[in-house]
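Worksheet: the structure to be examined is printed underneath.
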Amino acid sequence: MMNKMNDAMGMVLVAMVVMIASTTEAVRVRGGPVVKTKTFLSPPFFLRPGGVSDKYFDDVDFPRGHVALKSFNGDLVDESGAPVPLHEAYLHHWLVFPYYADKSNKSHHLPGPTNSGPCTDTLGHYFGLGAETRHTNTWVPDPYGIEAGDPARAPAGYEERWVIDVHAIDTRGAKDKEACTECTCTSYNVTAETPAYLGGVDCCYDGTRCKVKDAYLNNGPRKLFLRYNVSWVEWSDDIVPVRIYVLDATDKALLEGSTKPACKVEYQVQKCSAADRARNNCVDVMATKEMVPYGGDLVYAAAHQHRGGIGSTLHGQDGRLLCKSMPIYGTGHEAGNETGYIVGMTSCYPEPGTAKISDGELLTIVSNYSNERQHTGS
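Here the sequence shown stands for residues -26 to -1, 1 to 352, numbered as in mature numbering (1 follows the signal peptide of the UniProt record, and there is no 0).
This is how it looks when you write it as structure tokens:
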């Protein structure tokens, strides 16, 4: 049930979320059920300057019953409910996924359904974002929805519950904020298993601490929460269910002739060479191919990138552009507009019927990062 993010030699996280509805089902029209929206709070977690919290919270508040999820948005807040700016507490990522709990003993868990992508061992979540969460649209357009809570799918004696993973880094007083948010191993005094691993989530795990200035060493922790808004409708036959595919640009399995996914989740962006710099070509490109077993109409897509990201694209087998998701960088100081941070990613909503994907089609995922400087676990 606890599918934590496993990491290899990666540093920069990149994934694209794709939602596809069966073309044969898309002719149905939804009858207009009432959209419900509710705001919830995760259990609290505590961070002192430089501190890292990466915790999994079981049985969180979530819509119950057989529903169609329409959107999920998160926000890091303090105990007064005020949004916390990224330059104080960096929201590295949050992930949401279902599991099955024993009705008579909630401590007994079984794995729940995952998304339909190839990386279910590492990226099996239904929803997940990071610092860009405040300005990334996750709305699933009508008449589509993400089916959840179907009692017929639960094993006998079990019911669906939800878990949230929240990974946050307190950068108040940090000697190097960028190094803290990119999880460079030297900033955390963590020795990686391999010398080539310079940074990533293996070096900023729960309970570690980034280097801070002397004046902040003895500062106490503060209480934080993930505040999340969920929109949904009650399930009906008028809902067109979508399949979620989380595609990882580091998964080179098909390119290497393997049938076993090799989703590294993150990778290192090397600094631009002198020759490329002279040509003004300091762009690192990571690309791969993924096979989608069940096609249909593409109804939504959006990428996830960290600092240094300059956009990601999704292409069909014939090279046609299916989605271009671009980062939104902040220009101010307030929460949601922090200079130098990605505060949003643009989402793709193709016109109905204009972005069809065939069963078994090979899709290409491309992630572009500026490599004016080296990037690790950004």
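All C-beta atoms, glycine included, are put in the ideal place defined by N, C-alpha and C.
*When the Cα atoms are used, what is the spatial distance from Val1 to Thr88?*
For Val1, the pLDDT reaches just 40, beneath the cut-off of 50, and the residue's location in the model is therefore unreliable, although a value from the coordinates is still provided. Near 26 Å, if we compare the C-alpha coordinates of Thr88 and Val1.
_What would DSSP say about Ser161, mapped onto helix, strand or coil?_
helix
*Helix, strand or coil for Met(-26) per DSSP?*
The predicted model places Met(-26) with a pLDDT of 30, which falls under 50 and marks its position as unreliable; any figure quoted below should be read in that light. Coil, per DSSP.
*asked:* Going by DSSP, what residue range makes up the alpha helix (DSSP H) through residue 376?
replied: Absent from the structure is residue 376, since the part of the chain shown begins at -26 and ends at 352.
*Is the stretch 49 to 56 in contact with the stretch 168 to 177, if contact means three or more CB pairs nearer than 8 Å?*
With the rule of 3 Cβ pairs closer than 8 Å, the stretch 49 to 56 does not count as touching the stretch 168 to 177.
_Phe101 versus Phe71: straight-line alpha-carbon distance, rounded_ = 7 Å
*Which listed residue (Ala122, Ala56, Tyr162, Pro326) has its alpha carbon closest to that of Ile143*: When only C-alpha atoms are compared, the closest one is Tyr162.
_According to DSSP, is His61 part of a helix, a strand, or is it coil?_
coil
*Span separating the alpha-carbon of Glu(-2) from that of Gly269*: A caution first: Glu(-2) carries a pLDDT of 43, below 50, which makes its placement in the model too unreliable to give a value.
*Over what stretch of residues does the alpha helix (DSSP H) that includes Arg251 continue unbroken?*
248 to 252
*Would you be able to state if there are at least three C-beta pairs under 8 Å between the stretch 297 to 304 and the stretch 242 to 251?*
no
*Are the beta-carbon atoms belonging to Tyr30 and Asp139 less than 7 Å from one another?*
yes
_Helix, strand or coil for Gln291? Go by DSSP, reduced to three states._
coil
*Grouping DSSP H, G and I as helix and E and B as strand, with all else coil, what is Tyr108?*
In the sequence as presented, Tyr is not what sits at residue 108; that position holds Arg. Of the three classes helix, strand and coil, the one that applies to Arg108 here is helix, per DSSP.
*Would you kindly work out how many angstroms separate the C-alpha atoms of Arg294 and Pro7, rounded to a whole number?*
35 Å
*Hey, would you say Gly131 sits closer than 7 Å to Lys77, going by beta carbons?*
Taking C-beta atoms as the reference points, Gly131 and Lys77 count as a pair closer than 7 Å.
*May I ask which residues mark the beginning and end of the beta strand (DSSP E) holding Pro7?*
Segment: none, Pro7 is in no beta strand (DSSP E) and carries neither H nor E.
*Return the first residue and the last residue of the beta strand (DSSP E) that Trp136 is part of.*
132 to 144
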